[in-house]
Every structure is written in C-alpha cells, then in structure tokens.
DNA sequence: TAACATTTGACACCGAGTGTCATCATGCTA
DNA sequence: TAGCATGATGACACTCGGTGTCAAATGTTA
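Protein chains in written order, with the numbering used here: chain A, 1 to 230; chain B, 1001 to 1230.
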C-alpha cells in the first residue's frame, strides 16, 4: 500500500499460486484498499458495503465472502500484527528473562509502528471516529494479553502474576500509543514505551520457585510451544 | 434493585412523579428485566428485539425509544456503576494520597460486586457468549481509566504518569475480576484485588513537585471538581 | 371537560448479514 | 485440446437492527 506498482496494487507473494488464488488475493487486497480509502475520507459508518463492493467491481455478496463482517475489512492488519508479535516473542535465547523478551519484542513492534506511521495514524483516525471499531479494537488487546501472559509465565513464576503483569503492560502501552497518535506520531514511541515498560518491570513474576506448575495460564488460547513465523 | 416489591419490579424512587413518568420508569425496568432473562437463557444474539418488546408488551419502536441500541438494554448497570465509582472517589479526606483514595474506592466497588454476586455472574456469562457485548464492555474500562487518571493526577505529579498508572490498574483489575468470575465468585475478590493493586502502588506518580500544571490530563472527559452522588 | 403535550404504535425504509441457486471461470485430466 | 469437476461469482430473497414519519392514544393542566 506504499509502493505504487504499474498494473495494480499487488498484495504479497503472488507467485507459485494458480490464477484462481492470485485473483482471490487481489480481490481481497483491492477491497481492503478501497474500503480504507473510503473510510478515511468519510468515516466507517458513512460508507456502505455496497459502495465498497461497487468501487471494487464485485457484488455485495462477494464482499461478505471475503470479509464476514464489514469491520473485518478494516482490521486486516491485526492478524498479521499478532503473528509478528508472536514471532518476535519466540525468544531465540531461552536464557533471557521473560520480561526482557517481552520488552525487546514490544520495542521492535514500536519500531514497526513508527515505520508505517502514516498508515497507522490514519487508521487510528478512523478508529477514533467509530465507537464500534474502537470497541472491536480493544478486543485485540486481550489477544495480546494472552500471548504476553504465556511468555511472562515461562520463567516458572506464579502464572497468575504473569497474567497480571501482561494486563498492566497492555493497558499501559495502549496509553502510550494513544499519546503517540494524539501527537501525530511526533513523540518518541519507542522511548516512551520503554519508559512505561520499565515502570512495570518489578511486576514480572520473580524468578519462579514453583517450576512444577504449567497449568492454569488462565484465559490463554496459546500453546506454550507455539509461535513460529511460518 | 435489591429489595423485592410485591407488585412489580419497582425501579428506584417512583414517588413524586406523574403517572406518565412512573410508567416510563416501569416500562424501561420491565424491558431491561425481560431482556436480561431472555439473554441469560438463550444468549444475546439469539434474542431479537421483537421478542423483548413483545414480552414486555410494547412495540418494537418503543423499545428503541428507551434503548437506542439493543446493547443498551444490557448495559444499564454500567452508568450507575460509574456514578458509584465517582462518588467513592470524591475523597472526603483531601490529605489522603490519591493512590490510597483509588484503592479504597475500588475495594469498596469490589464489595458491591460481591454483594450482587448472582446478578453479576450471570451478566458475565452472557457477556462471555457475545463478542459484540464483550467489545462494548471493554469500552467502559476506558471510562474508568479516565476517571482514575484524574484522581491519580490530583497529587500534582506527572499527569502522564498518572494516566499510565490508571491504565495499569484497570487492566489488572479486569484480570482479577475475570478470575473471580471464572471461579464462580468463590475467590476473594477484595483480597485479590488489593493484592494486584499493591503490586502497582509504586507506579503512582511520586509526590508532585510540578503542582502548577493542571492541564494535559489526556483523554479525560471529567471535570476535576465533578462527581457527587446526586 | 376542553385544550395541550407527550408517548405510542403502525408503516415504510435503509443497511448489515446470510442462504440458495444458476452461471461462469479455472484447473485438471483424458 | 476437449471436457469435466471444482469452486467463485452474482442475483434474489429474507431476517434483523435501527430510524423517520405520522396519526391515534394517553397523560396533564386549566
């Protein structure tokens, strides 16, 4: 969505796929792209699915085949972001303290945010203008929370405490991002994020002498050994 | 909402009101009551507004006059809860440290939760079964965050730090409540809440030597002097 | 009781979301 | 290369949430 390709807006790797699948990717990409442009211009609620579909030259029904809900066309990035996070957290260095792993991963994520500043800022502008999107957006934080809780629990400390720390981290980072967005991306996201994180460092479960328990990670839906980039 | 009256489910003070307004209160109460019963039985999404309206002997259109959105009939409590919180935070003792005020208020709120255990547990069960409600529910946390941020900022410390602390508190408490709900209300909500809070005590802004600044409270929508029970 | 104000219900309409089915393009195979 | 199986598409119809409009019913006040 940054580089302008000669023919069309090309998605990711369209190679090694049949024409059928390439078309599918392109259709989805076009829909998302068109939709975001419309949302940015007039707000999420003011844009109808019919319009998006028409602008992308597909039928309304087809739109819903690609995006089960209108909101999904907006939150396309999220799934990828989660995957990125999990990849970053898949600590190569198993000796590293869990909190350090989390810190490193989140700061990298901050860098990625800054890299796509433009996109993310407009995204948040749309978000801010739409309560329903805002609400859905908060749900992603829960997903992040689950992931972080698992990682923080790796140390073997009290998993409940790990989850508390994860919750605090997620909450605090949202505020930092919020501030970054409000400043138009001018504040130093990485620095402020790190500052906030270090405030929470003492919350991480102290080196665990409860190593035996690997159960009760709470609401997690993540397998302890999962998370490889693919 | 606590005492059971002989004739109907009576709302609050129905005295000193004309017949018109009494009917209005009763209609709203009936709708909410009927709706909650249906939601609890079959889930939020499976119950249609028509059903609720029919069960309450009003037209569909009338339902929407009382509750602009279907979701609103579910979140009736929330507004009251926020008011309670603000009342609790309206510290009588201005010498008390902001964090202590927050702690006191939140623990009182925990007690209230425990008092209405039954209601709240079923409420959360419905919530858990409905992504849209869950999403909306998270928005209330933001409101709480705003309120707490203001109070924590009273001490005169860095208001940004106050907001960070508020975010951490809200995030952490949601986890505690989540655990309480999952346990069927058997864990000690107050104790676990306090434990979690004390973990965050060091986050509260250190005694402020920046007393001059009263601006930049961030996303708050709360007037510093507001919050009296009414 | 008469005049006024407000609430209600009926109707019509829009947009999101879903099931169904005929049609058409793709990809594989003879 | 012809043909067939598979799967994507578009058209249609329908449900449900949500809203505007207006006439009828109900409450309030003089």
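Using N, Cα and C, we set each Cβ at its ideal position, and we do this for glycine too. If you're wondering where the values come from, they're calculated on a predicted model, not measured in any experiment.
Beta-carbon proximity check, residue 49 of chain A vs residue 70 of chain A, cutoff 8 Å: As a first step, residue 49 of chain A is located in the first chain; it is residue number 49 there, counting from the start. As a first step, residue 70 of chain A is located in the first chain; it is residue number 70 there, counting from the start. Going by C-beta atoms, residue 49 of chain A is nearer than 8 Å to residue 70 of chain A.
Straight-line gap, residue 101 of chain A to residue 112 of chain A (C-alpha atoms, nearest Å): As a working mapping, residue 101 of chain A is identified with position 101 in the first chain. As a working mapping, residue 112 of chain A is identified with position 112 in the first chain. Cα to Cα, the separation comes out at about 17 Å.
Residue 43 of chain A at chain B interface by Cβ criterion, 8 Å: Locating residue 43 of chain A in the first chain gives position 43, counting from the first residue. It does not: the Cβ of residue 43 of chain A has no partner Cβ on chain B nearer than 8 Å.
Below-8 Å beta-carbon distance, residue 1078 of chain B vs any chain A residue: Position 78 of the second chain, counted from the start, is the residue given in the question as residue 1078 of chain B. By this cut-off, residue 1078 of chain B is not an interface position.
Test item: CB-CB of residue 1157 of chain B and residue 1202 of chain B under 8 Å: Here residue 1157 of chain B refers to the residue found at position 157 of the second chain. Here residue 1202 of chain B refers to the residue found at position 202 of the second chain. Residue 1202 of chain B is positioned such that its CB atom lies no closer than 8 Å to that of residue 1157 of chain B.
Segment contact flag, the segment 1138-1148 of chain B with the segment 1075-1083 of chain B, C-beta cutoff 8 Å, min 3 pairs: Taking a cut-off of 8 Å for Cβ pairs, the segment 1138-1148 of chain B and the segment 1075-1083 of chain B touch, as three or more such pairs fall below it.
Helix, strand or coil at residue 1202 of chain B [DSSP, three-state]: Here residue 1202 of chain B corresponds to residue number 202 of the second chain, with the count starting at 1. In the structure shown, residue 1202 of chain B sits in a helix (DSSP, three-state: H, G or I).
Of the listed residues B:1073, B:1166, B:1125, B:1052, nearest to residue 1099 of chain B (C-alpha basis): Numbered from its first residue, the second chain carries residue 1099 of chain B at position 99. Scanning B:1073, B:1166, B:1125, B:1052 for the CA closest to the CA of residue 1099 of chain B turns up B:1166.
Under 9 Å (Cβ pairs) to chain A, residues found in the segment 1155-1179 of chain B: Answer in chain order: 1160, 1161, 1163, 1164, 1165, 1166, 1167, 1168, 1169, 1170, 1171, 1172, 1173, 1174, 1175, 1176, 1178, 1179.
Option nearest residue 942 of chain B by Cα separation, candidates B:1109, B:1075, B:1074, B:1077: Any question about residue 942 of chain B goes unanswered here, given that chain B covers just 1001 to 1230.
Inter-stretch contact at 8 Å, needing at least 3 Cβ pairs: the segment 116-134 of chain A / the segment 38-48 of chain A: Flag = yes, the segment 116-134 of chain A and the segment 38-48 of chain A touch.
Limits of the alpha helix (DSSP H) - the one that residue 81 of chain A falls within: If you number the first chain from 1, residue 81 of chain A lands on position 81. Start and end: 76-89.
Assigned exposure category for residue 1105 of chain B - 16 Cβ within 10 Å defines buried: What you label residue 1105 of chain B is simply residue 105 of the second chain in a count that begins at 1. Looking at its Cβ environment, which holds 16 or more other Cβ atoms inside 10 Å, residue 1105 of chain B is buried.
Closer than 8 Å at the beta carbon, the chain A residues around residue 1139 of chain B: As a first step, residue 1139 of chain B is located in the second chain; it is residue number 139 there, counting from the start. Within 8 Å Cβ-Cβ: 131, 134, 135, 138.
Partners in chain B for residue 203 of chain A, counting only beta-carbon separations shorter than 7 Å: Sequence index remark: in the first chain, residue 203 of chain A carries index 203 (1-based). Here the neighbours are 1199.
CB contact below 8 Å: residue 97 of chain A versus chain B: Residue mapping note: residue 97 of chain A aligns to position 97 of the first chain, counting from 1. No, residue 97 of chain A lies away from the interface with chain B (no Cβ there is under 8 Å from its Cβ).
Test: residue 53 of chain A CB closer than 8 Å to a CB of chain B: As a working mapping, residue 53 of chain A is identified with position 53 in the first chain. Not one beta carbon of chain B lies nearer than 8 Å to the beta carbon of residue 53 of chain A.
Three CB pairs or more closer than 8 Å across the segment 173-190 of chain A and the segment 149-164 of chain A: Contact between the segment 173-190 of chain A and the segment 149-164 of chain A is not established, with fewer than three Cβ pairs separated by less than 8 Å.
Classification of residue 188 of chain A by the beta-carbon crowding that lies within 10 angstroms, buried from 16 upward: Taking the first residue of the first chain as position 1, residue 188 of chain A is located at position 188. By the Cβ-count criterion, residue 188 of chain A is exposed, with fewer than 16 other Cβ atoms from all chains shown falling within 10 Å of its own Cβ.
C-beta atoms of residue 31 of chain A and residue 73 of chain A nearer than 8 Å: Taking the first chain and counting its residues from 1, the one referred to as residue 31 of chain A is at position 31. Taking the first chain and counting its residues from 1, the one referred to as residue 73 of chain A is at position 73. It is a contact, given that the beta carbons lie within the stated cut-off.
Inter-residue Cα distance where the pair is residue 952 of chain B and residue 107 of chain A: Residue 952 of chain B lies beyond the residue range present for chain B, which begins at 1001 and ends at 1230; the question has no answer from this structure.
Environment of residue 1153 of chain B [buried if 16+ CB atoms lie within 10 Å]: Against the second chain, residue 1153 of chain B aligns to sequence position 153. Buried.
Same chain, Cβ closer than 6 Å to residue 1011 of chain B, five either side skipped, listed in chain order: Position 11 of the second chain, counted from the first residue, corresponds to residue 1011 of chain B. At residue 1011 of chain B, the pLDDT of 37 sits below 50, so the modelled position is not reliable; the number obtained from the coordinates is stated separately. Within the same chain, residue 1011 of chain B has close Cβ partners 1025, 1029.
Rounded separation between residue 1020 of chain B and residue 1065 of chain B - CA only: Counted from its first residue, the second chain places residue 1020 of chain B at position 20. Counted from its first residue, the second chain places residue 1065 of chain B at position 65. So the two alpha carbons sit approximately 15 Å from each other.
C-beta contact flag for residue 1089 of chain B and residue 1170 of chain B at 8 Å: Taking the second chain and counting its residues from 1, the one referred to as residue 1089 of chain B is at position 89. Taking the second chain and counting its residues from 1, the one referred to as residue 1170 of chain B is at position 170. Contact: no.
Residue-chain proximity (residue 1196 of chain B, chain A), Cβ-Cβ < 8 Å: As a working mapping, residue 1196 of chain B is identified with position 196 in the second chain. Judged by the 8 Å Cβ criterion, residue 1196 of chain B is in contact with chain A.
Residue 68 of chain A burial status per 10 Å Cβ neighbour count (16 or more: buried): To locate residue 68 of chain A, count along the first chain from 1; it is residue 68. Taking all protein chains in view, the Cβ of residue 68 of chain A is surrounded by fewer than 16 other Cβ atoms within 10 Å, so the residue is classified as exposed.
Beta-carbon contacts of residue 1134 of chain B that lie in its chain and below 8 Å, excluding the five residues immediately before and after: By one-based count along the second chain, residue 1134 of chain B stands at place 134. Correct list, in chain order: 1127, 1128.
Close Cβ partners of residue 1130 of chain B (< 7 Å) along its chain, the five nearest in sequence each way excluded: Taking the second chain and counting its residues from 1, one reaches residue 1130 of chain B at position 130. Closer than 7 Å at the Cβ level, and outside the excluded window around residue 1130 of chain B, lie 1043, 1044, 1045.
Boundaries (first-last residue) of the alpha helix (DSSP H) holding residue 175 of chain A: Counted from its first residue, the first chain places residue 175 of chain A at position 175. DSSP places residue 175 of chain A inside the alpha helix (DSSP H), whose first and last residues are 159-182.
Beta-carbon separation (whole angstroms), residue 197 of chain A vs residue 103 of chain A, contact threshold 8 Å: Taking the first residue of the first chain as position 1, residue 197 of chain A is located at position 197. Taking the first residue of the first chain as position 1, residue 103 of chain A is located at position 103. Rounded to the nearest angstrom, the Cβ distance from residue 197 of chain A to residue 103 of chain A is 5 Å, consistent with a contact under 8 Å.
Sequence-distant residues of its chain with Cβ nearer than 8 Å to residue 114 of chain A (five each side left out): Locating residue 114 of chain A in the first chain gives position 114, counting from the first residue. For residue 114 of chain A, where only same-chain residues beyond five positions count, the Cβ hits under 8 Å are 185, 189, 190.
Cα-Cα separation, residue 1116 of chain B to residue 148 of chain A: The residue given as residue 1116 of chain B occupies position 116 in the second chain. The residue given as residue 148 of chain A occupies position 148 in the first chain. The alpha-carbon atoms of residue 1116 of chain B and residue 148 of chain A are separated by roughly 32 Å.
Through-space distance from residue 1194 of chain B to residue 1095 of chain B, alpha-carbon basis: Numbered from its first residue, the second chain carries residue 1095 of chain B at position 95. Numbered from its first residue, the second chain carries residue 1194 of chain B at position 194. One C-alpha to the other measures close to 21 Å.
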